[in-house]
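Chemist: Next up is a structure, given as structure tokens.
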Amino acid sequence: MATARRVAIIGGNRIPFARSGGPYARASNQDMLTAALDGLVARFGLQGEQIGEFVAGAVLKHSRDFNLARETVLGSKLDPRTPAHDVQMACATGLEAVVSVANKIALGQLEVGIAGGVDSASDAPIAVNDDLRRVLLRANHAKTAAGRLKALAGVRPQHVVPEIPRNAEPRTGLSMGEHAAKTALAWEISREAQDELAARSHQRLAAAYERGFFDDLLTSYQGVARDQNLRPDSSVEKLAKLKPVFGRGEGATMTAGNSTPLTDGAATVLLASEEWAAQRRLPVLAYLGDVVSAAVDHVSGDEGLLMAPAYAVPQLLDRAGLGLGDFDFYEVHEAFASQVLATLKAWQDPEFCEDRLGRSAPLGEIDPAKLNVVGSSLAAGHPFAATGGRIVATLAKLLAEKGSGRGLISVCAAGGQGMTAILERP
Numbered sequence: 028m029a030t031a032r033r034v035a036i037i038g039g040n041r042i043p044f045a046r047s048g049g050p051y052a053r054a055s056n057q058d059m060l061t062a063a064l065d066g067l068v069a070r071f072g073l074q075g076e077q078i079g080e081f082v083a084g085a086v087l088k089h090s091r092d093f094n095l096a097r098e099t100v101l102g103s104k105l106d107p108r109t110p111a112h113d114v115q116m117a118c119a120t121g122l123e124a125v126v127s128v129a130n131k132i133a134l135g136q137l138e139v140g141i142a143g144g145v146d147s148a149s150d151a152p153i154a155v156n157d158d159l160r161r162v163l164l165r166a167n168h169a170k171t172a173a174g175r176l177k178a179l180a181g182v183r184p185q186h187v188v189p190e191i192p193r194n195a196e197p198r199t200g201l202s203m204g205e206h207a208a209k210t211a212l213a214w215e216i217s218r219e220a221q222d223e224l225a226a227r228s229h230q231r232l233a234a235a236y237e238r239g240f241f242d243d244l245l246t247s248y249q250g251v252a253r254d255q256n257l258r259p260d261s262s263v264e265k266l267a268k269l270k271p272v273f274g275r276g277e278g279a280t281m282t283a284g285n286s287t288p289l290t291d292g293a294a295t296v297l298l299a300s301e302e303w304a305a306q307r308r309l310p311v312l313a314y315l316g317d318v319v320s321a322a323v324d325h326v327s328g329d330e331g332l333l334m335a336p337a338y339a340v341p342q343l344l345d346r347a348g349l350g351l352g353d354f355d356f357y358e359v360h361e362a363f364a365s366q367v368l369a370t371l372k373a374w375q376d377p378e379f380c381e382d383r384l385g386r387s388a389p390l391g392e393i394d395p396a397k398l399n400v401v402g403s404s405l406a407a408g409h410p411f412a413a414t415g416g417r418i419v420a421t422l423a424k425l426l427a428e429k430g431s432g433r434g435l436i437s438v439c440a441a442g443g444q445g446m447t448a449i450l451e452r453p
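Numbering (the numbering used here), first residue to last: 28 to 453.
Written out as structure tokens, the structure reads:
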């Protein structure tokens, strides 16, 4: 079997993330993903070229989005002969798309590919209820006009009530925020600690924009040039004034300020073999190392919905022969400040590490100065499938700026899943 090749991360491009119901309210998943893709294509001079593959996904999809990645290619500046397919892994979709492309490059099946992700909370699908759906299907199958009218005569007033999408776990009925509130309570995560993390995320993202960090990672879209959720003047004092939106009673600590808002946006990443990059004289930002996914039983067990990365990272470290402190940067997706803090606390907890991870000692601490150094989802927003691409491109550029080093990615996802990865620059 051939030796796996190194997978180079050449660059990324995304559109600014916007709050649900805001400037992208009338933009579809395909519109936004095409904008992010064309920005990447323009940046690296790929107009009219056929690349190996485009892999992308979305969490909130209409039936018309059944072939989203391929339709995006057909509407883009890429050669229409570029093959494409969809992936979906909830909030880890963008990272899973990166891994899908990277694996084919590593095996020599591709020389170059693009990964992407997009989501529109503004354009979330609203379905008809099952009773009306059955009536409409019977009408569609009818052979005559009389048959169609007979089927439609079965419509009742209660049938026209639509099914409004709810951000809830199918097997528990609880929203992600409600699950996170339970985890925050179990791990005794304070309101102040959550607000501190959230304020720092906004401050760091604002500073990164000011120094031009995102100039070659982002293209404006529909008049928006920066992430709309960003609050440069955010502070612990301001966040402390917000009322809890998840949890109950005095133990409720999660607010709109220390939780990610519903967001619209798209992101893409260009990956290639070293040979392809050299032929194009394109500098390599970083290389994708090992990847580990994990899942927890949040239904019948006592695990937190978003705690899977707490299990995936130790496996990743063991396979790589590394310790938790052996990284220059840590990109931990901020679905909620409480979820980040609970994960960090678990790695420091002797009982958790022994009972759940089978380790004789805690995994260790992460230096806050190395955690999400240019801000993360609490400030930028979280269009579910776009977050992975944003994180990969961000970390790759951080490593390129430093000149060498290693970074750790951790992304929690709905369904009790998590995905982690290592990026390196020798």
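Just so you know, even glycine gets a beta-carbon here, dropped at the ideal spot from N, CA and C.
Over what stretch of residues does the beta strand (DSSP E) that includes F379 continue unbroken?
Modeler: Counting from one through the sequence shown, the residue named residue 379 turns up at place 352. Not the beta strand (DSSP E): F379 falls in the alpha helix (DSSP H), residues 377 to 382.
Chemist: Give me the Cβ distance between A287 and Q221, rounded to the nearest whole Å; I'm assuming they're in contact under 8 Å.
Modeler: Here residue 287 refers to the residue found at position 260 of the sequence shown. Here residue 221 refers to the residue found at position 194 of the sequence shown. One detail in the question is off: residue 287 reads as Thr in this sequence, not Ala. Rounded, the Cβ-Cβ distance is 12 Å, inconsistent with contact.
Chemist: Using a Cβ distance threshold of 8 Å, determine whether the stretch 162 to 176 contacts the stretch 69 to 79, with at least three qualifying pairs required.
Modeler: no
Chemist: Report the three-state DSSP secondary structure of T171 (helix, strand or coil).
Modeler: By 1-based counting over the sequence shown, the position of residue 171 is 144. Coil at T171, not helix or strand.
Chemist: Three-state secondary structure (DSSP) at P110?
Modeler: Along the sequence shown, read from residue 1 onward, the residue named residue 110 stands at position 83. Correct three-state label for P110: coil.
Chemist: Taking contact to mean at least 3 C-beta pairs separated by less than 8 Å, is the stretch 86 to 100 in contact with the stretch 53 to 68?
Modeler: yes
Chemist: Could you spell out where the alpha helix (DSSP H) holding V100 opens and where it closes?
Modeler: Start at 1 with the first residue of the sequence shown, and residue 100 comes out as number 73. Where V100 is concerned, the enclosing alpha helix (DSSP H) stretches over 95 to 101.
Chemist: Measuring CB atoms only, is the stretch 350 to 368 touching the stretch 376 to 393, in the sense that at least three cross pairs come out at less than 8 Å?
Modeler: Note that the stretch 350 to 368 touches the stretch 376 to 393; at least 3 beta-carbon pairs, one per stretch, sit closer than 8 Å.
Chemist: Which stretch, first to last residue, makes up the alpha helix (DSSP H) that contains I455?
Modeler: In the structure as shown, the chain starts at 28 and stops at 453, and residue 455 therefore has no counterpart that could be examined.
Chemist: Looking at the unbroken alpha helix (DSSP H) that takes in R218, where does it start and where does it end?
Modeler: Counted from its first residue, the sequence shown places residue 218 at position 191. Counting along the chain, the alpha helix (DSSP H) containing R218 begins and ends at 218 to 237.
Chemist: Less than 7 Å between the C-beta atoms of G140 and L298, yes or no?
Modeler: Taking the sequence shown and counting its residues from 1, one reaches residue 140 at position 113. Taking the sequence shown and counting its residues from 1, one reaches residue 298 at position 271. Yes, Cβ-Cβ distance for G140 and L298 is below 7 Å.
Chemist: Would D2 and A407 be called neighbours here (beta carbons separated by less than 7 Å)?
Modeler: Residue 2 is absent from the model: the chain starts at 28 and stops at 453.
Chemist: Identify the continuous beta strand (DSSP E) that holds S320 and give its terminal residues.
Modeler: Working through the sequence shown from its first residue, we reach residue 320 at position 293. S320 -> beta strand (DSSP E) spans 313 to 322.
Chemist: State the beta-bridge partners of F363 as determined by DSSP.
Modeler: Mapped onto the sequence shown, residue 363 falls at position 336. DSSP output for F363 lists S286 as bridge partner(s).
Chemist: Thinking just about the alpha-carbon of each residue, which of L164, G39, L405 is nearest to the one in A233?
Modeler: As a working mapping, residue 233 is identified with position 206 in the sequence shown. Selected option, being the one with the closest Cα: L405.
Chemist: Does T210 come out as helix, strand or coil in the three-state DSSP assignment?
Modeler: Taking the sequence shown and counting its residues from 1, the one referred to as residue 210 is at position 183. In the three-state reduction of the DSSP assignment, T210 falls in the helix class.
Chemist: CB-CB under 8 Å to R183, same chain, minus the five flanking residues each way: which ones, in chain order?
Modeler: Taking the sequence shown and counting its residues from 1, the one referred to as residue 183 is at position 156. Taken in chain order, the residues that qualify are D158.
Chemist: In the DSSP assignment, find the unbroken beta strand (DSSP E) run with I36 in it and report its ends.
Modeler: Sequence index remark: in the sequence shown, residue 36 carries index 9 (1-based). Boundaries of the beta strand (DSSP E) harbouring I36: 34 to 41, taken from the DSSP string.
Chemist: Where does Y338 sit, in a helix, a strand or coil, going by DSSP?
Modeler: Against the sequence shown, residue 338 aligns to sequence position 311. Judged by DSSP in its simplified three-state form, Y338 adopts helix.
Chemist: If you draw a straight line from the C-alpha of A213 to the C-alpha of M116, how long is it?
Modeler: Taking the sequence shown and counting its residues from 1, the one referred to as residue 213 is at position 186. Taking the sequence shown and counting its residues from 1, the one referred to as residue 116 is at position 89. Between A213 and M116, the C-alpha separation is close to 26 Å.
Chemist: Between L368 and E378, what straight-line distance do the alpha-carbon atoms span, to the nearest angstrom?
Modeler: Counting from 1 along the sequence shown, the entry for residue 368 is found at position 341. Counting from 1 along the sequence shown, the entry for residue 378 is found at position 351. Their backbone Cα atoms lie some 17 Å apart in a straight line.
Chemist: Taking a contact to mean a Cβ-Cβ separation below 7 Å, would you say D113 touches L137 in this structure?
Modeler: Residue 113 sits at position 86 when you count from the first residue of the sequence shown. Residue 137 sits at position 110 when you count from the first residue of the sequence shown. Going by C-beta atoms, D113 is not nearer than 7 Å to L137.
Chemist: Hey, quick one: how far does the alpha helix (DSSP H) through S404 stretch, first residue to last?
Modeler: Numbered from its first residue, the sequence shown carries residue 404 at position 377. That run of the alpha helix (DSSP H) goes 404 to 407.
Chemist: Which parts of the stretch 246 to 315 are runs of the beta strand (DSSP E), unbroken and 3 residues or longer, counting only runs that do not cross its ends?
Modeler: 271 to 273, 290 to 300
Chemist: To the nearest angstrom, report how far apart G434 and E451 are at their CA atoms.
Modeler: Looking up residue 434 in the sequence shown gives position 407. Looking up residue 451 in the sequence shown gives position 424. If I take the Cα positions, the gap works out to 6 Å.
Chemist: Just how far apart, CA to CA, sit R193 and T290?
Modeler: Position 166 of the sequence shown, counted from the first residue, corresponds to residue 193. Position 263 of the sequence shown, counted from the first residue, corresponds to residue 290. Using only the alpha carbons, I get a separation of about 15 Å.
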